[in-house]
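FYI, our numbering numbers position 106 of the sequence shown as 419, with every residue one higher than the one before it. We put the CB at the ideal spot given by N, CA and C, even for glycine. Shown next, in structure tokens, is the structure this report addresses.
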Amino acid sequence: MGAASPSAGAPAPASSSYLKVLLFGCAILVISTGARSSFGLFLPEMTMARGWSRETFSFAIAIQNLMWGIGGSFLGAMADKYGSLRTLLLGGVLYVLGLLGMAWAETGLGLNLSAGLLIGVAIGGTSFGIILATLGKLVPPEKRSLAFGIGVASGSFGQFLFLPLAGWMIADLGWQTALVLHAAIVGAIVVLAFGVRGDTPAAGQGGEVRLADGMRDAFGDRSFHLLFWGYFVCGLQIVFLQLHLPAYLLDKGMPANVGAAAIALIGLFNVIGSLGAGMLGQRYPKKWLLSGIYVARSLVIGLFLLAPLTTWSVWLFSAAIGLLWLSTVPLTNALVGQVWGVKYLGLLGGIVFFGHQIGSFLGAWLGGRFFDQFGNYDLAWALVIGFGVFAALVHAPIDQRPLGERRIVSAA
């Protein structure tokens, strides 16, 4: 299926309008995605310093991902109704407070409230859901998938930038100072938010946006539910790898810098993967591209586990999985806009993303849980591979036709 018909959303303004929003939005994603991608490096340091189990830290990050999903749905609705500026400002402030709270958390409860609750909601207000929904209302349908790919690629580049930086700060300055410096960098989101003002309440129809209508159309469509559970798998796979891969490599006797470099390489190669997915989504059916990505992920992970573990095998795995890392995001968001329109893209994209974050919760928590119970990640790896096959099958029955087009055909 090609791109959505123009009727899927309001006419887009001139390219100069959305290019400015794209630039500032990408800068926000570099910071927001980069900061959160480094949390796996803090796991060994903080658990050792505080005397926590890995499950304690993993559970806080699991809460973070769940709150990201819940908060993202509500904040996406807020952006649809009132514009993205307020949402980004709120998210930026909460992000700074959460990082500072995480730096001085001394109990599991403190970590859950700071790294879990505050940062989770903050990411929901500063990440892909808000930026891509804003772009979706401004970019013409024929360019939307590519614009989403550029946005996701910028987030991946942030991951590439932050991982070496975070590794250096933790090693040379200590994990607590590193978190304080993270908070200072994240504070820039509050300034950059003023550049993302293309979807003002007037453009988004302000109070005339009837969110219940969008929810009713989506919830009554089987394809929406299939997309939700497919995205669930994406979250489970990504967050397990992001949080536990550095610790897994450390357990296998590899230096700590190998794990940091692996996550950074994943981010670098996902710049290519996200841009490529966005470009392919302009030409080929998005659901089949998504199915292919999930199958490829399972194959790459399986081969990595079967091959002898060396530094080179880690680099090759990081490059391969990086090409597939967040390449699902532009395709999934573009598919939501294509089928259900862009008027409610913040809300509906946020709800679909909540499925992603349910999976993220399980990927983060079960990884730590299985390790504490069995002393290894074997069962977690098997779960990650098996769910990749499930996601590939779930996308196959999705109907990609715009909802309005389907209604016309049904009425004929």
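Inter-residue spacing [alpha-carbon to alpha-carbon] between residue i and residue j
i    : j    : result
I498 : L622 : 35 angstroms
I606 : V584 : 15 angstroms
L644 : K599 : 6 angstroms
A569 : L398 : 39 angstroms
D712 : A704 : 16 angstroms
G673 : G663 : As written in the sequence, residue 673 is Ser, which differs from the Gly given in the question. Roughly 14 angstroms between the two C-alpha positions.
E521 : L658 : At E521 the pLDDT is 49, less than 50, meaning the model places this residue with poor confidence and gives no usable figure here.
I443 : K450 : 11 angstroms
M415 : Y597 : 43 angstroms
V409 : G500 : 6 angstroms
M254 : F630 : The first residue shown for the chain is 314 and the last is 725, placing residue 254 beyond what the model contains.
S345 : L648 : 24 angstroms
G396 : L336 : 17 angstroms
L402 : I502 : 8 angstroms
D530 : L706 : 24 angstroms
G429 : I374 : 6 angstroms
F617 : E718 : 44 angstroms
A390 : V509 : 17 angstroms
L549 : V504 : 32 angstroms
S469 : I576 : 10 angstroms
R714 : D534 : 12 angstroms
A677 : L660 : 25 angstroms
M528 : L716 : 13 angstroms
G462 : F441 : 11 angstroms
R682 : N646 : 31 angstroms
Which listed residue (the options) has its alpha carbon closest to that of residue i
i    : options                : result
L556 : L354, Q377, G650       : L354
A479 : M391, A574, V655, L505 : A574
G567 : Y544, V552, M592, T624 : The question names Gly, yet the displayed sequence has Met at residue 567. Of the listed residues, the one whose Cα sits closest to M567 is T624.
V652 : L335, F537, G672       : F537
F545 : A373, F352, V642       : V642
W481 : S351, A373, G586, W417 : S351
G650 : S673, A620, G594       : G594
F475 : R349, F441, A632, G423 : R349
L407 : A695, Y690, M380       : M380
G347 : L637, Q686, A609, L578 : L578
I671 : G382, F507, E718       : G382
I551 : L494, I483, L619, Q472 : Q472
G477 : G591, L661, H495       : The sequence given here places Pro at residue 477; Gly does not occur at that position. For the residues G591, L661, H495, the minimum Cα distance to P477 belongs to H495.
L332 : A460, S371, S386, A466 : A460
W488 : A446, L558, W417       : W417
L675 : G635, L554, G591       : L554
A435 : K456, L413, N646       : L413
F387 : K565, L563, T439       : T439
Residue i burial status per 10 Å Cβ neighbour count (16 or more: buried)
i    : result
Q377 : buried
D393 : buried
F666 : buried
T400 : buried
T490 : exposed
P357 : buried
W694 : buried
A560 : buried
S467 : buried
T420 : exposed
Endpoints, alpha helix (DSSP H) assigned at residue i
i    : result
P559 : 535–564
V655 : Unbroken run through V655: none, as it is neither H nor E.
M415 : 397–416
E358 : 352–363
R610 : 599–619
I698 : 691–708
W638 : Careful: W638 lies outside any alpha helix (DSSP H) and carries neither H nor E.
S587 : 569–594
A435 : 432–437
CB contact below 8 angstroms: residue i versus chain D
i    : result
L696 : The chain inventory of the structure shown lacks chain D, comprising one protein chain alone.
Just list the beta strand (DSSP E) runs in the segment 452–521, keeping only unbroken ones of 3 residues or longer that don't cross its boundaries, in chain order. If one requires a minimum length of 3 residues, no beta strand (DSSP E) run lies completely within the segment 452–521.
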